[in-house]
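Enquirer:
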Amino acid sequence: MKKVEVLKLIDLVDEIRKLDELIQQSRAKKTSDFVINQYEAKKLKLVGSIITELASAPIQSIESYLLAQKILNKYYPIEGNDELLKGDDISKIAAAI
């Protein structure tokens, strides 16, 4: 992996971390749901970006997939398998797994 790619991924992780902290602080201060939802949407977009980067051809490897899994587990921990059953299409894919 090139140094530029590493730095880009580190910047994305740092942005996600800062945004996650902002979300936690906003919840503690009981900030409006609208604002928190905006932060959550941005966080989701950043997580999607880093996963896309990790799955791209020059970086793609077992290690990059494990790193993507670690990011998902950290920022979106699954407390129960019921979380995957909310969407009809998602539940079908989860059942196939």
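For the sequence shown, our numbering gives the first residue as 1213, with consecutive numbering after it.
Here a beta-carbon is modelled for each residue, glycine too, at the ideal position from N, C-alpha and C.
1) Which residue comes first and which comes last in the alpha helix (DSSP H) that contains tyrosine 1288?
2) Who are the Cβ neighbours of arginine 1239 in its own chain at under 7 angstroms, not counting the five residues just before and after it?
3) Alpha carbon to alpha carbon, how far is isoleucine 1262 from valine 1225?
4) Going by beta-carbon coordinates alone, are leucine 1284 and leucine 1266 separated by less than 8 angstroms?
5) Measure the Cβ-Cβ separation of isoleucine 1235 and tyrosine 1251 and say whether it is below 8 angstroms.
Expert: Concretely, from the data shown:
1) The count along the sequence shown starts at 1 and reaches residue 1288 at position 76. Segment: none, tyrosine 1288 is in no alpha helix (DSSP H) and carries neither H nor E.
2) Along the sequence shown, one-based indexing puts residue 1239 at 27. Once the five neighbours on either side are set aside, the close Cβ partners of arginine 1239 are Ile1248.
3) As a working note, residue 1262 is residue 50 in the sequence shown. As a working note, residue 1225 is residue 13 in the sequence shown. For isoleucine 1262 and valine 1225, the distance between alpha carbons rounds to 8 angstroms.
4) Numbered from its first residue, the sequence shown carries residue 1284 at position 72. Numbered from its first residue, the sequence shown carries residue 1266 at position 54. Not a contact, by the Cβ cut-off of 8 angstroms.
5) Numbered from its first residue, the sequence shown carries residue 1235 at position 23. Numbered from its first residue, the sequence shown carries residue 1251 at position 39. A contact, by the Cβ cut-off of 8 angstroms.
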